[in-house]
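Asker: Residue 382 in the numbering used here sits at position 304 of the sequence shown, and the numbers go up by one each step.
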Amino acid sequence: MSKAYRLGLVGLGKIARDQHLPAIMGNDRHDLVAVASRNAQLEGVAGFATIGELIAADRGLDAVTLCTPPEGRYQQARAALEAGLHVMLEKPPAATLSEIAELARLAAEKRLTLFATWHSREAASVADAKAWLRERTVHAVRIIWKEDIRRWHPGQEWILAAGGFGVFDPGINALSIATQILPQPLLLEAATMGVPEGRMSPLTASLAMRTGDAPVNAEFDFLQTGPQSWDIEIDTDAGQLKLGMGGSELTLPGEPMQKAPDREYPGLYARFAELIDRGESDVDVRPLQLVADAFLVAERQTLAPFEF
Ligand code: NAP
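Following this line, the structure appears as structure tokens:
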């Protein structure tokens, strides 16, 4: 019987409750022994206000998962690594590229596992899409990622603050899939973004990218009411591949659509245990690089003020 890792969870908010807690409870390789959150508690589990207090309590932890917003996560991850704990990061892995590079260096120095997760890569059809594209020539890619901020991020003021990523918070999920499945690297060429008056992060963005000779266009919109879109269409020499619903549905030329139940977070926790077992890290910064590039080159437009 393999060892169960004693786990602490930091930031008991929406994604922690919706996905992390059920995934941890359903995985016998992880044992949730403590939670750190300033304003929330979990019945039956030791609670602390901050990760500093959690570490100081010396509960024999092996690892922590950080489910806090990206701004400030570097300090939390650094404290955990300094304390000898393996670390799993929600996406985006940090607020900046220099922060995640330093965390990867520190984890390697301390021989600890750092897992920068991209949950959308665990979506049911992503691996099949990658395998199908391996033998194909890509002619064009269209990414349409449009969701309602009020529905999926109710009241999350941090998401429109500096370092909150705005519409790139969901958009980076599309980029995590695209960088995973496309056979050639993605380069960013131009971008526009719309930032509401008085806010720091965008509600809309358009990216013009390239993979090999093929154009890759992405449309991100955080104001989409009605039907939501998390789609990637890829034209190839063998016809069109369509990944729908965030990577869970796959349609290949001449075949019926395939879909499977959501196993994203169970997949992440299984992989975290494997990485710790093997003494490895997994830190792929390509999706974050593309977002950082967009912020470097984007033409900005000011949108009407936004309130949740
Ligand atoms: P959230 O509901 O706002 O929860 C984040 C939690 O972190 C808060 O409840 C808060 O708990 C804690 N926190 C610590 N420092 C904070 C700060 N400076 N500002 C705000 N909260 C702070 O956010 P979330 O939706 O769970 O997102 C957290 C991370 O998960 C983000 O990186 C996001 O991209 C990722 N994610 C979210 C979703 C989704 O659908 N919402 C899906 C996948 C991934 P205390 O106040 O109790 O400390």
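For every residue, glycine included, the Cβ atom is placed at its ideal position computed from N, Cα and C.
Just so you know, these numbers come straight off a predicted model, no measurement behind them.
Following a CB-centred definition, is residue 236 positioned closer than 7 Å to any heavy atom of the ligand NAP?
Answerer: For this step, residue 236 is matched to residue 158 along the sequence shown. True, at least one ligand heavy atom lies under 7 Å from that Cβ.
Asker: For a test of the three-state rule: what should DSSP assign to residue 389, helix, strand or coil?
Answerer: Examination of residue 389 is not possible in this model, given that the chain is present from 79 through 386 alone.
Asker: For the stretch 186-224, which segments carrying the beta strand (DSSP E) assignment without a break, of at least 3 residues, lie completely within its bounds, in sequence order?
Answerer: Listed in chain order, the complete beta strand (DSSP E) runs (minimum 3 residues) inside the stretch 186-224 are 192-194 and 216-224.
Asker: Output the boundary residues of the alpha helix (DSSP H) element that contains residue 367.
Answerer: Within the sequence shown, the letter at position 289 stands for residue 367. Where residue 367 is concerned, the enclosing alpha helix (DSSP H) stretches over 364-375.
Asker: So the candidates are 324, 342, 325 and 320; which of them puts its Cα closest to the Cα of residue 334?
Answerer: For the purposes of this step, residue 334 is identified with residue 256 of the sequence shown, where counting begins at 1. It is 320.
Asker: From the DSSP output, in three-state form, read off residue 249 for me.
Answerer: Residue 249 sits at position 171 when you count from the first residue of the sequence shown. The answer is helix: DSSP assigns residue 249 an H, G or I state.
Asker: State the DSSP-derived secondary structure class of residue 386, mapped to helix, strand or coil.
Answerer: Taking the first residue of the sequence shown as 1, we reach residue 386 at position 308. DSSP places residue 386 in coil when its eight states are reduced to three.
Asker: I want to check one thing, is the minimum distance from the CB of residue 197 to the heavy atoms of the ligand NAP below 7 Å?
Answerer: To locate residue 197, count along the sequence shown from 1; it is residue 119. Residue 197: yes, Cβ under 7 Å from the ligand NAP.
Asker: Work out the CA separation of residue 96 and residue 344 for me, nearest whole Å.
Answerer: What you label residue 344 is simply residue 266 of the sequence shown in a count that begins at 1. What you label residue 96 is simply residue 18 of the sequence shown in a count that begins at 1. In a straight line, the C-alpha of residue 344 is about 12 Å away from that of residue 96.
Asker: Have a look at 184, 102 and 207 and flag the residue whose alpha-carbon is nearest the alpha-carbon of residue 346.
Answerer: For the purposes of this step, residue 346 is taken as the residue at position 268 of the sequence shown. For residue 346, the nearest C-alpha among the options comes from 102.
Asker: Quick one, which of 310, 196, 251 and 368 has its alpha-carbon nearest residue 268's?
Answerer: Here residue 268 refers to the residue found at position 190 of the sequence shown. Of the listed residues, the one whose Cα sits closest to residue 268 is 368.
Asker: Taking 7 Å as the cut-off, is the CB of residue 118 close to at least one heavy atom of the ligand NAP?
Answerer: Position 40 of the sequence shown, counting from 1, holds the residue named residue 118. Yes, Cβ of residue 118 sits closer than 7 Å to a heavy atom of the ligand NAP.
Asker: Measure the C-alpha to C-alpha separation of residue 272 and residue 105 and round it to an integer number of angstroms.
Answerer: For this step, residue 272 is matched to residue 194 along the sequence shown. For this step, residue 105 is matched to residue 27 along the sequence shown. For residue 272 and residue 105, the distance between alpha carbons rounds to 41 Å.
Asker: Can you tell me whether residue 282 is buried or exposed, with buried defined as 16 or more other CB within 10 angstroms of its CB?
Answerer: Mapped onto the sequence shown, residue 282 falls at position 204. Under this definition residue 282 is a buried residue.
Asker: Would you kindly work out how many angstroms separate the C-alpha atoms of residue 388 and residue 126, rounded to a whole number?
Answerer: Coverage of the chain is limited to positions 79 through 386, which leaves residue 388 absent and any answer about it impossible.
Asker: Any idea what DSSP makes of residue 360, helix, strand or coil?
Answerer: As a first step, residue 360 must be located in the sequence shown, where it is residue number 282. The answer is strand: DSSP assigns residue 360 an E or B state.
Asker: Can you tell me the Cα-Cα spacing of residue 191 and residue 353, whole angstroms?
Answerer: Counting from 1 along the sequence shown, the entry for residue 191 is found at position 113. Counting from 1 along the sequence shown, the entry for residue 353 is found at position 275. So the alpha carbons of these two residues sit roughly 7 Å apart.
Asker: Quick check: what's the CA-CA separation for residue 324 versus residue 201?
Answerer: Counted from its first residue, the sequence shown places residue 324 at position 246. Counted from its first residue, the sequence shown places residue 201 at position 123. Residue 324 and residue 201: Cα-Cα distance of roughly 7 Å.
Asker: Is it buried or exposed, residue 154, if we count other Cβ atoms within 10 angstroms and call 16 or more buried?
Answerer: As a position in the sequence shown, residue 154 is number 76, starting the count at 1. Classification of residue 154: buried, given that the 10 Å Cβ count is 16 or more.
Asker: Please confirm whether residue 224 and residue 306 have their CB atoms less than 8 Å apart.
Answerer: Counting from 1 along the sequence shown, the entry for residue 224 is found at position 146. Counting from 1 along the sequence shown, the entry for residue 306 is found at position 228. Cβ atoms of residue 224 and residue 306: closer than 8 Å.
Asker: Tell me the DSSP bridge mates of residue 273?
Answerer: On the sequence shown, position 195 is the one that residue 273 refers to. DSSP, once it has assigned bridges, lists 380 as partnering residue 273.
Asker: Applying the criterion that 16 or more other CB atoms from any shown protein chain within 10 Å of the CB defines a buried residue, is residue 383 buried or exposed?
Answerer: Along the sequence shown, one-based indexing puts residue 383 at 305. Exposed, because fewer than 16 other Cβ atoms sit within 10 Å of the Cβ of residue 383.
Asker: Is any heavy atom of the ligand SAM found at a distance shorter than 7 Å from the C-beta of residue 147?
Answerer: Summarising the ligand content, the structure contains the ligand NAP and does not contain the ligand SAM.
Asker: Within 10 Å of its beta-carbon, does residue 251 have 16 or more other beta-carbons around it, so buried, or fewer, so exposed?
Answerer: Here residue 251 refers to the residue found at position 173 of the sequence shown. Buried.
Asker: Taking 8 Å as the cut-off, does the stretch 225-238 touch the stretch 293-304 (at least 3 CB pairs, one atom from each stretch)?
Answerer: Segments in contact, yes.
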